[in-house]
Amino acid sequence: MTKLKIALLSLMLAGAVQAESLHLTIVSTPQQREDLTSFSGIVVEERRALERAIKLALDEAKLKFDLYGIEPQLKTIEIDPAQPIEQQLSDLDANHLLLLDLPANLLKTAANYADKLDAVAINTSASEQSLRSDLCLPGVYHAIPSDRMYFDALAQFLVHSGWLKVLLVHGSSERDMERKTILAESIERFGGSISDERIFTLSHHPDDRDRNKPEFLTGRSSYDVVAVIDSELDFGRRIQFSTRRPRPVVGDVGLVPKAWHYALERYGAPQLNERYRNLGSTESSARLAMTDREFAAWASVKFVANSLNPTHLTGDGLNLRSLFEDKESRVDLYKGTRGSFRYWNHQMRQPILLATENYVSDIAPMPKFLHPTHYTDTLGEDQPESTCQHPLR
Amino acid sequence: MILWKSLLTPVQPYRIAALLAGLLTSLSAVGFELAVSNERSDEVLIHDERGKVLRTLFRCERPRDLHYSGETNSLWIACAEQNQVVRVSVEDGEILQTITGLDGASTLAMNEENLLVVSNERASTASVIELPEGKLLATLPTGYEPDGVAISVDHKRIFVASENAGLVHVFSTQDYSEEAKILTNLRPRGLAIAESELWVSTEMGSRVEIFDIQTLKKVDEIIFAPRGLRSEQLTPVDIIFSTDTRFAYVALGAANHIAIIDRQTREILKYILVGRRAWGLALSPNEDRLYVLNGLSDDMTIIDLDSRRPVASVRTGLVPRAVEVLQ
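As they're listed, the protein sequences go chains A and B. To convert a position in the first sequence, counted from 1, into our numbering, add 1076. To convert a position in the second sequence, counted from 1, into our numbering, add 220.
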C-alpha cells in the first residue's frame, strides 16, 4: 500500500475511531397524529407521524455521519397531555435533538423543559406567530414556517399577479382570527388591500344557514381574489367555485402557501419525493409526499448533516448547540435556495411554495421583492420587527 | 402621426444584438455546428455557430449530457429516462451504438484511453465502460444523486460528485475501489480538472471549491458576489477551462450570470448577465466565444470573449441542459 493510500485511509477513518451517538427523539401526542376530520366527518388533512421523514433524512445523511463516526438513534415519546410533561421527558439530556411535534400549548412546556436541559428542541409543527416571540429560548428552533412566512409568500404572489383587492373570508375561532389578522397585515405590507372582511360560523343553526351561504358571503363587494382563512379546513372548502363573482380563491383552499409539495418539478425535488415514496413502507402512491410537518423534521435532521464539521465535535461528542449557533450552518432544502436559521428568532428561512392541489404555481420570494441581506428574508418577521433578539454568535 | 409613432416605438435590444452577432460572425466566418440537449422537449438540436437552429439531430427521453467524438464524427447522448447512453452519427442522427442499463444516465466523462464514465442518477452509481466495445468494467456505488464526473489526467482516478451526500467520491481505475470521499460544500454539481487542481461547483454552497488532485485537500475556494445579488441566489453549476487553463468559466445558475475567472490568481475578472438559470457551457473551437445555456428561459446566450460581452440570445428547445461543439 502506498503512503498516499494510507494517508487517505486514515483521513477516511479519522472520525470513525470514536463512535458518537446522536439521539433523535420525536415528542408527539396521540391527538397530534390523528387525521383532521371536518364538521361533516370527512378527512381533510393527513397527519402522518414524523418517523418516515426522519428516517429518510438519516438515510441521506448516512455517508457523512459514517465519515464522522456518528451513530444516530431515533425514538419516539408519546406524551399524555393530561400528565405533567416534565416527568414524561425525564430520560432526556443535553445530547438530544428533540423534534417537537406538538400543538402550541404543549410545545411551550416541552420546549422550556428542553432548553433547561441544554438540549436543542425543534418546533416541527406549530406555525403560530406568537411562538416566535414567546419561545425566545437559546435552545429552541422553529423549522416549520411561521404564519407570517406563509402569508407573506401568498401576499407577494397576489401583488405580483396584480390581484390587489382581496375579499377576506374567515372563520370565528381564536386561531382563525389570529391568522386572518396576519394575512391582512401581509397583504397591506406588500401593497395589496382588503376590500372587505366576512365571517362564517360553523353550525347547523338555522340563523347561520343563510348567513353562511358562499354566494352571500362573497357578494356585495368588488374584489380581485377571495382569501379564505379556515384553520380547520372545513367551511373554507365550500367557497371555491361558489363565489358571487368569478374570482380565484387562495389561502387555506385553492392556491395554498406550503413548505413542501409532491408536484414540485425542479431543484431535485422529484428525486427527494421519489426517495420518500420508496422508503420501506406499505403506504405508497404517486402523490404521497411529506407534509409540512414532516418536511420541517426532515430539514432539521438534514441541517445537522449538512452543517456538521470537525469544530462541532468536542471531547464529549457532538455539540449540537454549537452546530445550531454556528453562523455558517445551513441546509440544502431542494427548493432552489439553501435554508438556515435566522439568528435573532431561530426561525428557519426558506422559500415557500404556492401550490394548488396538484401543481406548484410559483415559489416565493417572488421577483422584485428584495431584501438587503438575505434572499428569503422578505418572508416572515424581519430582525427589526422581531421581539425575540438572540445575539449573533 | 405615423412618423411619431414609429419614432416612439422602442428599439428591441435583441434585434440589435442579433444584428451585431450577424456582423461579427460574417467578419470571422468559422463554420462549425453545436449540439444542444433539451431535457423537457426530449430533443438534441443542431445549431450553427451563430446559434440558429438548423435541424433536430435526435430524439430521446430527457437527454442530458453530450460528448462529441471527433474521430467518428458522432455524438454520445445520455438519455436519462431511457436509462441508456447512445452514440449517434452527427450527419444523419442514426444510432451507431447503445449502452443500456444506466439507470437515470446523467453526466458523461471520457478520456483518451477509451474509458467512458456515466453517472446514474436514479441508481446512485457510476458506470465505467470500455470503448469502443461498450463493455461494462465496473459499477461504482455513490451517494444519492450522483452528477458531475471526471477522470484525472493521468487516468488513475475517477471522481463522482454526489449532490445529496455533499461529497465527491474518489475511485481508483486500477481496481475501481473507493480511495476516498472528499467532503464539499452543499450540493456539488460540476467537476473540472486543470493541471493539479480539481474544481467543484457547489450549487447550494454558492462557491467553487478547489482541491489538490493528489492530496485531495482543499486548497482554495471562490465565493461569488456579483453586485445586487444575495449569496443564496448564486448557484454555480457548469465549470469549463480554456485549453491553456488560464481562464475558468462558471455558470452561476439562478444568478443569471456567468463568471470569468483567472484560474491561477482566482480573481473573478468579469460577471456577464445571461438568461435565466445559466447552466451548460461550451467554448467555440478558437475560444473566442462562449455558449451559455439558460435552463429556465429556454435559450442560449452567445458571449464574445474578446469584448466579454453577450452578443446574442437565441432560442433552444425546452430546458436546455448541455451544449457541445461539433468540431
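Note that the Cβ used here is the ideal one computed from N, Cα and C, for glycine as well.
Taking Cβ positions only, does residue i come closer than 9 Å to chain A?
i: B:E441; result: no
i: B:Y288; result: no
i: B:R282; result: no
i: B:S517; result: no
i: B:T455; result: yes
i: B:R407; result: yes
i: B:L538; result: no
Check this for me: beta carbons of residue i and residue j, under 9 Å apart or not?
i: B:A498; j: B:V457; result: yes
i: A:L1243; j: A:E1273; result: yes
i: B:E253; j: B:A300; result: no
i: A:R1353; j: A:L1340; result: no
i: B:N476; j: B:L493; result: yes
i: B:L403; j: A:L1143; result: yes
i: B:V512; j: B:A471; result: yes
i: B:L501; j: B:R509; result: no
i: B:F461; j: B:L418; result: no
i: A:A1440; j: A:A1229; result: yes
i: A:Y1343; j: A:G1247; result: no
Do you know offhand how far residue i's Cα is from residue j's?
i: A:D1458; j: B:V308; result: 55 Å
i: B:V310; j: B:I266; result: 9 Å
i: B:T245; j: A:P1346; result: Note that B:T245 has pLDDT 49, beneath the 50 cutoff, so the model's placement of it is unreliable and the number below is only indicative. In a straight line, the C-alpha of B:T245 is about 41 Å away from that of A:P1346.
i: A:A1158; j: B:K437; result: 55 Å
i: A:G1268; j: A:Y1226; result: 16 Å
i: B:I211; j: B:E441; result: Any property of residue 211 of chain B remains undetermined from this structure, which presents chain B solely from 221 to 547.
i: A:L1139; j: B:A385; result: 7 Å
i: A:E1162; j: A:H1447; result: 41 Å
i: A:E1261; j: B:S339; result: 49 Å
i: B:P283; j: A:A1375; result: 31 Å
i: B:S372; j: A:E1147; result: 34 Å
i: A:V1407; j: A:F1292; result: 47 Å
i: B:A474; j: B:T455; result: 6 Å
i: A:S1116; j: A:P1443; result: 41 Å
For residue i, I'd like the list of residues in its chain whose CB is within less than 7 Å of its CB, leaving aside the five on either flank, ordered along the chain.
i: A:D1223; result: S1203, E1204, Q1205, R1255, I1258
i: A:L1399; result: V1380, S1383, L1384, H1388, S1405
i: A:S1271; result: K1241, V1242, L1243, S1297, S1298, Y1299
i: A:C1464; result: R1208, S1209, C1212, W1420, N1421
i: A:P1106; result: E1154
i: A:V1500; result: As shown, chain A starts at 1077 and ends at 1469. That puts residue 1500 of chain A outside it, with no answer to give.
i: B:L538; result: N258, R260, S261, D518
i: A:A1180; result: A1202, E1204, L1207
In the DSSP assignment, find the alpha helix (DSSP H) that holds residue i and state where it starts and stops.
i: A:S1262; result: 1250-1265
i: A:A1187; result: 1180-1192
i: B:N548; result: With chain B covering 221 to 547 only, the question about residue 548 of chain B has no answer from this structure.
i: A:A1231; result: 1223-1237
i: A:I1130; result: 1127-1143
i: B:Q304; result: No alpha helix (DSSP H) contains B:Q304, which is instead part of the beta strand (DSSP E) from 304-309.
i: A:R1342; result: Run containing A:R1342: none; DSSP gives neither H nor E here.
i: A:N1382; result: 1368-1383
i: B:R466; result: Segment: none, B:R466 is in no alpha helix (DSSP H) and carries neither H nor E.
At the 9 Å Cβ level, is residue i part of the contact set with chain B, yes or no?
i: A:R1128; result: no
i: A:Q1232; result: no
i: A:E1261; result: no
i: A:G1456; result: no
i: A:N1382; result: yes
i: A:H1246; result: no
i: A:C1464; result: no
i: A:L1165; result: no
i: A:H1450; result: yes
i: A:D1392; result: no
Who are the near neighbours of residue i in its chain, counting only those whose CB is closer than 6 Å to its CB and skipping five residues on each side?
i: A:S1462; result: W1420, N1421
i: B:V273; result: L265, H267
i: B:E399; result: V390, S392
i: A:G1327; result: A1303, V1304, I1305
i: B:G425; result: N405, L406
Excluding five sequence neighbours on each side, which residues of the same chain lie with their C-beta closer than 8 Å to the C-beta of residue i?
i: A:G1393; result: E1096, S1097, N1171
i: A:E1127; result: I1102, L1150, T1152
i: A:H1466; result: C1212, P1214, Y1419, W1420, N1421, H1422
Along the chain, where does the beta strand (DSSP E) that runs through residue i open and close?
i: B:L328; result: 325-330
i: A:D1272; result: 1269-1275
i: A:Q1423; result: Taken as a continuous stretch (DSSP letters only), A:Q1423 belongs to no beta strand (DSSP E), as it is neither H nor E.
i: B:D367; result: 366-371
i: B:I568; result: Here chain B covers residues 221 to 547 and nothing more, so residue 568 of chain B does not appear.
i: A:L1396; result: Unbroken run through A:L1396 is the alpha helix (DSSP H), 1396-1401; no beta strand (DSSP E).
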